[in-house]
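S.K.: Submitted below is the structure of interest, expressed as C-alpha cells.
In the working numbering, the protein residues as written are 1136 to 1381.
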C-alpha cells in the first residue's frame, strides 16, 4: 500500500519529536509547511506515535505514563464540528472575566479559539484543559486540586471544600456526554459532579457546548436540568423538539 500524504506528515511529526516530549502545534505546522488545521485533521484519528493535546503535539512514545489518557483523548468523533463550536463559544468570553471550563475535547477547542490578546481568568479541574489555558498568554489559569484520575485526566476534591467554593463565574462552559429533554445533561463519571454543580450554581451565564451527537443521549451521572442552562452552542440545527424546548 502506497504512503499517503497524511502518513508522511505523521511520520515527519514523529521524527520532529525524537527525544522531545512535545512540540507546539504552530511550530509543527511551520516545520511541515502546512496549516494548523491540516495537522488537526491528521490527528483526528488515533495513531500510535503522536497526538494533539491542549495545542501541543505529544510524543506518545516518550510520554508512556499518560498513554491511556492520550489514546482516550484521540479516539474522538466530530472534530471539525467541535472546532466550529469552539469558535462560536469563544466569542462569548469578554475582557477580565472569570470563566469556568468543564472537561472534554470540545472545551479545549473553545479555549484554543479565544484571542491571545484577551485577558481572563480560567478555572478548570481537567489537566488537558489546564494545558490549553496555560498556552494563552493573557490567561490566569486556576487548576482545582485533589486526587488525580488517570482514566479521565481530571482532579477531584478529596473533601467537602474546594478552591471553586470561593469563586464566582461570569461564564460557565459546560460539556456533556448526553443531552436529553427529560433527563437533562449527563456525563460518564460521578466524580465530576461536585465541580460541575458548584460552577452552575455560582455562574451568571451557563453555556452548554455540545455537538449534535450528544443530543438524545443519556449517561449515568446527572449534571443538571436543561432549564439550568442559559445558552446552547452546537454545530448543526437542533431537532424540532429541542428547538421548541429552548
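We put the CB at the ideal spot given by N, CA and C, even for glycine.
This one's a predicted model, so the numbers in the text were calculated from it and none came from an experiment.
(1) Using only the alpha-carbon positions, how far apart do residue 1150 and residue 1278 sit?
(2) Taking the C-alpha atoms as reference points, what is the distance between residue 1369 and residue 1350?
(3) Taking C-beta to C-beta, are residue 1358 and residue 1320 nearer than 8 Å?
(4) Residue 1315: which of 1173, 1235, 1378 and 1160 sits nearest, CA to CA?
(5) DSSP on residue 1347, reduced to helix/strand/coil?
(6) Looking at the structure shown, is residue 1361 part of a helix, part of a strand, or coil, going by DSSP?
(7) To the nearest angstrom, how far is it from the Cα of residue 1193 to the Cα of residue 1187?
(8) What do you reckon, are the CB atoms on residue 1218 and residue 1344 nearer than 8 Å?
(9) Please name the residue or residues paired with residue 1278 in a DSSP beta bridge.
(10) Mind the definition here: the region 1294 to 1301 touches the region 1261 to 1276 only if three or more C-beta pairs lie below 8 Å; say whether that holds.
M.R.: Inspection of the coordinates gives the following:
(1) 32 Å
(2) 10 Å
(3) yes
(4) 1378
(5) helix
(6) helix
(7) 6 Å
(8) no
(9) 1259
(10) no
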